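Quick note on numbering: the sequence shown equals residues -22 to -1, 1 to 204 in mature numbering (1 follows the signal peptide of the UniProt record, and there is no 0).
The beta carbon of each residue, even a glycine, is placed where N, CA and C say it ideally should be.
Please read these numbers as outputs of a predicted model, since none were measured by experiment.
What follows is a single structure, written as structure tokens, with notes after it.
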Amino acid sequence: MNSTYSFFVKLVLVQCLVIACASQVYDFFYLVQQWPGSYCDTSQGCCYPTTGKPATNFSIHGLWPNYDNGSYPSNCDSNDPFDLSEISDLQSKMQVSWPSLSCPSSDDTSFWSHEWNKHGTCSESVLTEHAYFQAVLNLKSKANVLQTLKNAGIQPNGGFYSLTSIKSAIKGGLGYNSWIECNTDTSGNYQLYQIYLCVDYYGSSFIECPVLPTGYCASSIKFPTF
């Protein structure tokens, strides 16, 4: 094997490795927001954070990297754990937009830590910890889901609304399709629990979802009060 050919083969192998590694990062994000009334209206119940009852609004669950084939990476870098000091300037906004409702009551930081360690570290080649949390706050602000639903006459008043009308309202208001996750209340009624919107690779703009999660919702679902 002459030196020129050997160099060419090595170059091709390096390029293939780079492409393979790059393809393993992620393809897009799910921005997941949850309705606190549905989180709390289950047999498990909820606990308000130590800062008090959260706002009557959809709150952030997370920004989750995903692959176009429906799978997703997780816990990508144990060497870059959550550091609260990195987002000290965002903390007050996050307490409003990203509260923890799990029990026992907490100051929310364990929730944020879990989201960064499991999901955020998989996007750190594009978004630092601060950039990741700032991106989520920006996206939530862009997607004012509650107001979008209210504009279509869909209110969190304990009433039942068709799943189709909810999806249509979000599509009409935001310009993109969504995926709705339901849970069940203490009486077994399906209710509006989480709304998934898809976000581009850079965590900056909404896109049409390359693939949707799976799960079941009834054709008519409850939108509980909070």
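Item, Value
"So what's Gln112 in DSSP terms, helix, strand or just coil?", "helix"
"DSSP three-state label for Ile132, please.", "coil"
"Note down, in chain order, each residue of its chain lying with its Cβ closer than 7 Å to the Cβ of Thr87, except the 5 sequence neighbours on either side.", "Leu62"
"From what residue to what residue does the beta strand (DSSP E) around Ile158 run?", "Trp157 to Thr162"
"Asn95 to Asp58, Cα distance in whole Å?", "8 Å"
"What is the DSSP secondary structure of Tyr17, counted as helix, strand or coil?", "helix"
"Can you give, in chain order, each stretch of the alpha helix (DSSP H) that sits fully within the segment 65 to 109 and has at least 4 residues?", "69 to 75 and 87 to 96"
"Over the uninterrupted beta strand (DSSP E) stretch that includes Ser37, give me the two end residues.", "Ser37 to Asn44"
"Using the rule of at least 16 other Cβ atoms within 10 Å of the residue's Cβ for burial, across every protein chain shown, is Pro43 buried or exposed?", "buried"
"According to DSSP, is Ser140 helix, strand or coil?", "strand"
"Between Gln73 and Thr29, is the Cβ-Cβ spacing less than 9 Å?", "yes"
"Measure the C-alpha to C-alpha separation of Leu190 and Trp157 and round it to an integer number of angstroms.", "7 Å"
"For the beta strand (DSSP E) holding Leu175, just list the boundary residues, first then last.", "Tyr168 to Val177"
"Could you tell me whether the Cβ atoms of Phe184 and Trp13 are closer together than 9 Å?", "no"
"Spell out the partners DSSP gives Tyr26 in its beta bridges.", "Beta-bridge pairing links Tyr26 to no other residue."
"Taking Ser75 as the reference, give the member of Ala121, Cys100 and Asn47 with the closest Cα.", "Ala121"
"Please look up how many angstroms separate the CB atoms of Cys54 and Thr106, rounded, as I've assumed it's under 8 Å.", "That belief does not hold up - the Cβ atoms of Cys54 and Thr106 are roughly 14 Å apart, past 8 Å."
"With H, G and I counted as helix, E and B as strand and the rest as coil, what does DSSP make of Val123?", "helix"
"Take the Cβ of Ala33 as the centre, count every other Cβ of all protein chains shown within 10 Å, and call the residue buried at 16 or more, exposed below.", "exposed"
"Could you check the C-alpha separation between His39 and Leu9 for me, to the nearest Å?", "8 Å"
"Keeping to the same chain, check which residues put their C-beta closer than 8 Å to that of Ile132; ignore five residues upstream and five downstream.", "Tyr139, Ser143, Ile144, Ala147 and Phe201"
"If you measure between the beta carbons of Tyr50 and Tyr4, is that distance less than 9 Å?", "yes"
"State the DSSP-derived secondary structure class of Lys118, mapped to helix, strand or coil.", "helix"
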